[in-house]
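Residue numbers (full-length UniProt numbering): 1 to 897. First the structure, in the form of structure tokens, and then the observations on it.
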Amino acid sequence: MSDSSSHQDSASQEQAPQQEVQVHYRSDYRPYPYDIESVYLAFDLAPNATVVDTTLTIQRKADVASNEPLRLDGVDLELLSIAIDGEELGQEGYRSFDDGLEVLNPPKRFTLTTKVKISPDTNTSLEGLYLSSGKYCTQCEAEGFRKITFYPDRPDVMSTFTVRIEADAEQFPHLLSNGNRIEHGDLETGKHFAVWEDPFKKPSYLFALCAGDYDLLTSSFTTMTGRDVRLEIYVDKGKLDQCHHAMESLKKAMKWDEEVFGLEYDLDIYMIVAVGDFNMGAMENKGLNIFNTKYVLASQDTATDTDFIDVEAVIGHEYFHNWTGNRVTCRDWFQLSLKEGLTVFRDQEFTADQTDHGVKRIEDVKVIRSHQFAEDAGPMAHPIRPDSYIEMNNFYTVTVYNKGAEIIRMYQTLLGRDGFKRGLDVYFERHDGQAVTCEDFVRAMEDANHYDLKQFRRWYSQAGTPEVEVTSQYEADKRQLRLHLKQSCPATPGQEEKEPFHIPVKIGLIDELGNDIELKALPVSESDARVEGDIVHLMAGEQSVTFDEVPEKHIPSILRGFSAPVKLRYDYSLSDLIFLFAHDSDSFNRWQAGQELFSRVIFDLCEQLSDGIELSFDESVINAAKNLLDDSGLDGQFKSLALTIPGVSTLIEQVDSINIDHLITARQFLKRRLAEELELDWLLHYQTNHHIGDFEQDKGSVAKRAIAGTCLCYLMALEKDDAYQLALKQLNNANNMTDASTALQLIVHSNYSEKMKVAEAFYQKWQNEELVVNKWLAIMATDPSDETIDRIESLLDHPSFELKNPNKVRSLIGAFTGANPSQFHRADGRGYEYLARQIKALYAINPQVSARLTGAFNRWRKFDSERQLKMQQQLQEILSMPELSKDVYEIASKALK
Ligand code: B3K
Ligand code: ZN
């Protein structure tokens with residue numbers, strides 16, 4: 001790798017990598033000096049010798065010097081020929097580099113033809129063109145197109161693509177690419193071909209090609225202007241019966257985007273291809289989405305209720321990208337949140353409209369709190385618009401995606417739904433067909449609403465999770481409540497000091513009966529925070545706000561709906577929290593009150609463990625849980641969420657340093673006590689909600705399965721034989737995967753003596769259903785018992801496992817590190833060793849997936865000194881590996897920095 005950047009990477013200095021590492025900076029952006037007017041690609045597909053013929057029509061931009069070389073990216077390509085206007089270029093005509101080539105002194109306007117050879121069969125990175133399970137498939141975002149042909153592989157170079165694909169007709173009956181198929185036919189010696197033309201200009205990252213023998217589900221959708229769009233879903237042979245839900249989801253998404261945002265689909269065909277080997281969830285290639293099978297295939301037998309919702313959400317997400325991402329794309333990869341934050345927000349709203357707004361909000365915030373807060377507080381902390389990267393693929397993060405979506409949600413909070421929609425309309429009017437920046441988006445929102453977003457822009461440039469501390473003062477004689485809000489934001493790598501954010505804090509006040517009190521904000525001083533409706537605009541480091549006509553008995557409900565991605569501190573009494581848990585009309589804050597209640601108990605118990613005293617906590621918490629469980633006005637899914645104790649990863653983010661053993665013991669103690677004290681209640685609610693008989697998938701049935709699962713989980717915590725029998729019965733009688741996998745997980749994670757026999761029987765039953773086997777692997781990997789480490793060791797050689805398959809790696813290794821805290825953080829360090837060994841085995845095969853795994857070490861500083869040392873050692877060993885991928889290098893070196 002060459003270092004063409006003017007900046008120096010200090011990480012690389014410290015860790016002395018074997019290679020020089022190039023750091024990319026946002027501030028280095030320069031427009032590309034040439035226009036690529038059209039692209040013609042001809043593929044002759046062969047496993048080890050695919051030939052790609054490329055013809056580019058190129059024009060130098062007006063203000064560019066005539067000696068400006070034409071720089072093209074290219075990685076792992078064997079150049080067979082290169083010509084300008086049909087004239088072969090000699091050695092003096094171009095220069096080659098490791099990662100591309102430069103054509104010297106090209107004319108002002110010309111065609112460039114290149115011919116390269118690539119090897120899809122040996123491409124295990126699953127980036128570029130690869131062959132897996134006998135089918136060809138591409139993944140180009142972010143920088144995979146350069147592994148297919150020489151090209152300016154950057155999102156601001158947009159062009160129209162025509163693609164010719166040629167392959168064996170019998171093995172690859174379907175030849176697919178973006179846009180419309182304009183020609184096809186048979187060739188000599190059993191081959192055939194197809195030509196595709198995409199009328200929309202697009203960047204190379206949206207290019208796609210698939211070739212294989214698939215089963216095909218077709219349908220159609222009539223758009224709001226009456227155009228018929230053909231819908232096609234391509235899957236592995238034999239899986240057709242598992243694609244109907246995906247097809248319905250696609251139609252719902254198309255309709256929803258028309259109704260909510262007035263956005264219509266633009267091509268005559270929309271194709272989805274499902275593949276088993278895929279680095280992430282799915283990819284929004286223009287007109288030809290490629291999906292991980294996990295987000296397409298779903299049937300009652302094989303998919304859980306959550307899977308069904310996830311399929312719908314990801315189908316929606318990729319579809320929504322057609323406007324937010326494809327029609328308007330990113331100028332450079334630092335702007336990734338422009339399309340991802342916005343599209344995640346859109347898919348969240350879509351799911352909320354299909355399911356339940358309150359439940360969906362809680363689920364989305366759980367991701368922020370457990371994963372994004374962790375990222376924001378760790379070595380990889382970055383603003384939603386990062387300033388630099390070594391490997392772009394490492395920046396497809398929960399910060400860019402999910403915190404990015406929170407920032408978009410705040411526009412809606414500030415501007416209202418109509419204002420937000422107006423802003424989007426202006427954004428599309430101005431930028432359709434362009435590659436733009438986050439700044440362009442902010443300006444569209446600002447101009448459409450005449451709203452000053454100057455300070456709001458800091459959400460794009462500052463990393464870290466702001467903390468908002470609220471204190472209150474009540475003046476009984478005036479019946480006035482004064483809230484004082486103070487914000488701060490911790491230092492993050494490269495950002496010591498932070499400026500105040502514009503934080504919309506949604507507030508409610510609850511009276512002694514649990515009813516909302518009408519808010520009457522009373523401006524007292526100039527510096528008071530502005531209040532609009534129930535939103536307090538915290539703009540300065542500290543600001544106050546006064547409410548009038550507040551009865552003496554009241555409780556503030558602050559940050560309703562999680563109106564900003566911040567950590568709120570307010571000194572609630574235990575009884576306040578219990579009251580909010582029982583009464584808050586804001587379902588998010590009602591859930592939140594319970595989570596805070598449980599967290600408080602757990603941290604108190606941790607202190608007792610440190611002090612070596614007998615464990616106890618205020619029993620009123622148990623009653624609060626019972627009341628919620630018995631509340632007939634509540635939906636089962638909400639109850640399930642509200643009665644689930646916060647996970648270890650969420651708890652870890654609430655304190656500076658932790659004793660992981662104490663934390664797990666304390667959490668288990670609380671769970672066990674809730675289980676014991678409410679045993680009959682869990683049983684009763686299990687019996688009323690667990691349904692045997694015909695399978696239904698309406699909202700009510702899903703909710704019943706959710707709360708029944710939670711009840712069974714508490715019953716299993718009692719470690720009694722009747723509970724084991726109940727779970728076994730549920731497993732054996734299940735006619736759906738939700739009930740089956742819940743029961744299996746509870747059994748495998750228990751101390752039931754026959755649990756491994758049960759696990760084996762489940763595996764035998766489902767061994768031919770890849771996605772179910774992956775669930776089984778994850779359940780095995782997350783068993784908290786001490787034997788798990790040996791089991792997951794041998795699972796590496798089990799027929800169900802395959803290191804080259806990302807879904808398998810995520811199920812076995814990812815689940816172990818992310819969802820088995822007691823075993824991953826084993827005091828003997830075997831959990832860390834296991835992870836490090838897998839990273840070392842994988843980085844050369846699949847750099848992206850191994851870098852993701854490496855992130856599991858990011859929070860090492862939170863742990864005790866022995867564990868810290870052990871994790872550091874593993875990171876150092878990883879860094880000393882020969883020819884370490886830059887993906888893993890970036891994560892590991894930043895973790896140690
Ligand atoms: N845009 C893709 C993600 C690409 C990841 C590249 N490492 C999927 C999505 O967000 O819709
Ligand atoms: Zn996306």
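Quick reminder that beta carbons are idealized off the backbone N, C-alpha and C, glycines included. Please read all numbers here as calculations on a predicted model, not as lab measurements.
Inclusion of I789 and R830 in the CB contact set at 9 Å is warranted, their separation being smaller than that value. The C-beta distance from F43 to R164 rounds to 7 Å, short enough to fall under 8 Å. DSSP places C210 in the uninterrupted beta strand (DSSP E) bounded by L209 to G212. Inter-residue distance for D99 and T113 is about 18 Å (C-alpha atoms, whole angstroms).
Boundaries cannot be given for D99, as no alpha helix (DSSP H) includes it and DSSP labels it neither H nor E.
Taking 8 Å as the upper bound for CB-CB distance, T162 and V195 are in contact here, some 7 Å apart.
The C-beta of I613 has fewer than 16 other C-beta atoms within 10 Å across all chains shown, which makes the residue exposed. Within 8 Å of the C-beta of K360 there is not a single heavy atom belonging to the ligand ZN. Pairwise C-beta distances place the segment 488-500 out of contact with the segment 511-525, as fewer than three of them are shorter than 8 Å. A706 is not a Cβ neighbour of D168, given a cutoff of 9 Å. Here G494 carries a coil assignment [DSSP, helix/strand/coil]. Residue state for V531 is assigned as strand, using DSSP reduced to three classes. In this structure, DSSP gives V296 a state outside helix and strand, which the three-state scheme calls coil.
Annotation for V365: F562 place their beta carbon closer than 6 Å to its own, counting only its chain and skipping 5 residues before and after.
Scanning I148, R422 and L77 for the CA closest to the CA of Y40 turns up I148. Between L72 and F420, the alpha-carbon positions lie close to 39 Å from each other. DSSP places W682 in the helix class (H, G or I) of the three-state scheme. According to the DSSP assignment, D356 belongs to no beta strand (DSSP E), since it is labelled neither H nor E. In this structure, E363 is the residue among E363, Q348 and C713 with its C-alpha nearest to the C-alpha of Q595. For V772, the enclosing alpha helix (DSSP H) stretches over residues E770 to A781. Taken in chain order, the complete alpha helix (DSSP H) segments of 4 residues or longer contained in the segment 450-485 are 458-461. In this structure, E340 has its CB closer than 8 Å to one or more heavy atoms of the ligand B3K. Judged by their CB atoms, Y270 and L231 are nearer to each other than the 9 Å cut-off. The ligand B3K never approaches M780 closely enough for any of its heavy atoms to be under 8 Å from the residue's Cβ.
Relative to the ligand B3K, A298 has its C-beta separated by 8 Å or more from all heavy atoms.
Following the DSSP letters along the chain, one finds D73 in no alpha helix (DSSP H) but inside the beta strand (DSSP E) bounded by residues L70 to D73. Here the alpha carbons of V328 and C243 stand approximately 29 Å from one another. Only residues of its own chain outside the window of five on either side were considered, and among them R458 have a CB closer than 6 Å to the CB of E499, listed in chain order.
Cβ-Cβ distances below 6 Å link E512 to K553 in the same chain, with the five nearest sequence neighbours on each side left out; the list follows chain order. Taking a cut-off of 8 Å for Cβ pairs, the segment 342-361 and the segment 826-843 do not touch, as fewer than three such pairs fall below it. The three-state secondary structure of T413, taken from DSSP, is helix. Relative to the Cα of E532, the nearest Cα in the group L414, L485 and T437 belongs to L414.
For H184, the shortest separation between its Cβ and any heavy atom of the ligand ZN does not lie below 8 Å. Nearest Cα to V648 within the set F291, H371 and I233: H371. V344 has its Cβ nearer than 8 Å to a heavy atom of the ligand ZN. Within the segment 731-776, the runs of alpha helix (DSSP H) at least 4 residues long that lie entirely inside it are, in chain order, 737-748 and 755-766.
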